[in-house]
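Written below as structure tokens is the structure these notes are about.
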Amino acid sequence: MSRKFNDNKTELIIDYTLEGAEWEEALNKTRKILAKDITIPGFRKGKAPLSEAIKRISLVKIFDKTISDNIDDIYRKHITTQITNEDMLADNVRPKFDVVNLSLEKVVFEFIFPLFPKITIGNYKKIQAKLDSLTLSKEELEETKHQLLTNYVVMLDSNEAIKWNDQVNFDFTGYIDNEKFEGGEAEKFDLVIGSNQFIPGFEEKMIGLKKGETKDLHLTFPKEYHAKNLAGKDVIFKVTIHNIKTPNYPEINEQFLQEIKINPLVKTPADFDKYLEITALKNKLQKNKTNFINSAIEEITSNSKVEMSEIIVDQTANGYYRDFLTQIKQRGVSEKEYIEFSKTTKDEILDLYKKEATKNLIKSYIYGKIVDEEKLHISDEEYDKRIKQLADLYGLKEDQIKTFVPFKNFEQEKLADRIFDKLAQLNDPENLKKYHEIQKEVDDYHSEIEKILVAEAKKKSAQEKVNKEK
5 MSRKFNDNKT ELIIDYTLEG AEWEEALNKT RKILAKDITI PGFRKGKAPL SEAIKRISLV
65 KIFDKTISDN IDDIYRKHIT TQITNEDMLA DNVRPKFDVV NLSLEKVVFE FIFPLFPKIT
125 IGNYKKIQAK LDSLTLSKEE LEETKHQLLT NYVVMLDSNE AIKWNDQVNF DFTGYIDNEK
185 FEGGEAEKFD LVIGSNQFIP GFEEKMIGLK KGETKDLHLT FPKEYHAKNL AGKDVIFKVT
245 IHNIKTPNYP EINEQFLQEI KINPLVKTPA DFDKYLEITA LKNKLQKNKT NFINSAIEEI
305 TSNSKVEMSE IIVDQTANGY YRDFLTQIKQ RGVSEKEYIE FSKTTKDEIL DLYKKEATKN
365 LIKSYIYGKI VDEEKLHISD EEYDKRIKQL ADLYGLKEDQ IKTFVPFKNF EQEKLADRIF
425 DKLAQLNDPE NLKKYHEIQK EVDDYHSEIE KILVAEAKKK SAQEKVNKEK
């Protein structure tokens, strides 16, 4: 038995040797079990002399089963007892297990435990990241309107030039080095402009085209594109437009608003305009927060150092790959079919996911380091207080509220808010003040709706109680 750390102290390595009589006893037990499945001419299955049956069992099979049958017991009795709280193991990461020496005399097991990464964080109190403009554009209002009314939109044929949210029917053929490539062409394909189904730039370059027109779109596949044979390559897509349909919105009047019942405050076209503005502002606030945090963490990461075990990266990448297989399976594509179609290999796909995992993990650990440095952690008391507020507001038991608002979800939301506020306060306080002013306007609007809905629910509940008593 031995304990040691690897050179950069990102892994704890524990060795355990099973040898002598104990190892021999384990091997013999396996031999007896496997012998029961051996058939020798002249004997019934499992009834041949043990010495003869053993001759017909491969040593590899004996070793494999013996290790498999004993590893859990060894781990529980001999390995976990060697781990202390001071070892700081990485959260939610399984140890790696290897057999480093194997013979009839002994077996040496090696358990490698990833430790929590060593993080040296850069200066996050003076970075270049700033909040984006909080002024709503006409395009943002139109996009929000489209999202709000998408279920009520009628698509009408158009002879005008393609614009955002139009549905376009077209042919396309892709060329790399003047050669077509598999999966790079289709006829009469339907696409909503702005849905981001194609590689970056494709849909943007279709804007302005009209029915019957043909155009070459000069683009480049992303460097991290899933099909390695296409990643980073220049491509020309020849597109021919067959038909354009543009969204036709319903007339916003009191009758329409009464039918769709957006919320208690929206009864007139003016109310709808206010709701549209509030919704667009809410979306913009969220987008600004996300963009700022991403830019800030990206910048901080470039000036930081995170030393972590490759085991953490590998397990995260394998998780990404499993999710990927689930996604393509839902589309009716098997792993084998995808690999053949994309002209890539599983190892190549995993390499891409390892790069993505490394990047995401580093950001996550930097994120957590800022939480530690600035003491931004969420307490149980804060959670309990919020649960009580919601329980009082909706007239439900606290345990019921907790099923809808688990601590983890509450914590993630609050941590994101606190990190955003802290980094913005340190690096862009003026725009943060404007952000909070707009946030208050949005929150006040939704609070008013919430009060009305709760009052209506309580009134309905009281009336139902009266009706039951009659």
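Numbering-wise (the working numbering), the sequence shown opens with residue 5 and increments by one. Built from N, CA and C at the ideal position, the CB exists for glycine as well.
query: Following the continuous alpha helix (DSSP H) through Gly188, name the residue where it begins and the one where it ends.; result: Counting along the chain, Gly188 falls outside any alpha helix (DSSP H), though it belongs to the beta strand (DSSP E) covering Glu183 to Val196.
query: If we call anything under 7 Å between Cβ atoms a contact, is Lys293 one with Phe414?; result: no
query: Use the C-beta contact count for Thr330: other C-beta atoms within 10 angstroms, 16 or more gives buried, fewer gives exposed.; result: exposed
query: Look at the alpha carbon of Phe117 and the alpha carbon of Trp27, and state the distance between them as a whole number of angstroms.; result: 25 Å
query: Identify which residue in Asp318, Asn471 and Leu289 has its Cα closest to the Cα of Leu436.; result: Leu289
query: State the DSSP-derived secondary structure class of Gln334, mapped to helix, strand or coil.; result: helix
query: In angstroms with no decimal places, state the Cα-to-Cα distance between Phe120 and Phe9.; result: 13 Å
query: Name the residue from Asn96, Lys149, Thr34 and Ser72 whose alpha carbon lies nearest to the alpha carbon of Phe113.; result: Ser72
query: Please name the residue in Asn12, Glu15 and Thr70 whose C-alpha comes closest to that of Ala30.; result: Thr70
query: Quick one, which of Ser162, Lys291, Asn322 and Ile37 has its alpha-carbon nearest Lys249's?; result: Ser162
query: Please determine, among Ile211, Lys242 and Lys455, the residue with the shortest C-alpha to C-alpha distance to Glu191.; result: Lys242
query: CB-CB under 6 Å to Gly188, same chain, minus the five flanking residues each way: which ones, in chain order?; result: Gly178
query: Return the first residue and the last residue of the alpha helix (DSSP H) that Gly24 is part of.; result: Gly24 to Ala39
query: Buried or exposed: which applies to Leu400, given that a residue is buried once 16 or more other Cβ atoms fall within 10 Å of its Cβ?; result: exposed
query: DSSP three-state label for Tyr449, please.; result: helix
query: Does the beta-carbon of Lys463 have 16 or more other beta-carbons within 10 angstroms, so that it is buried, or is it exposed?; result: exposed
query: For a test of the three-state rule: what should DSSP assign to Tyr324, helix, strand or coil?; result: helix
query: Under the three-state reduction of DSSP, which class applies to Val243: helix, strand or coil?; result: strand
query: Using the three-state DSSP reduction, which class does His230 fall into: helix, strand or coil?; result: coil
query: Looking at C-alpha atoms only, which residue of Lys392, Pro433 and Val375 is the closest neighbour of Lys418?; result: Val375
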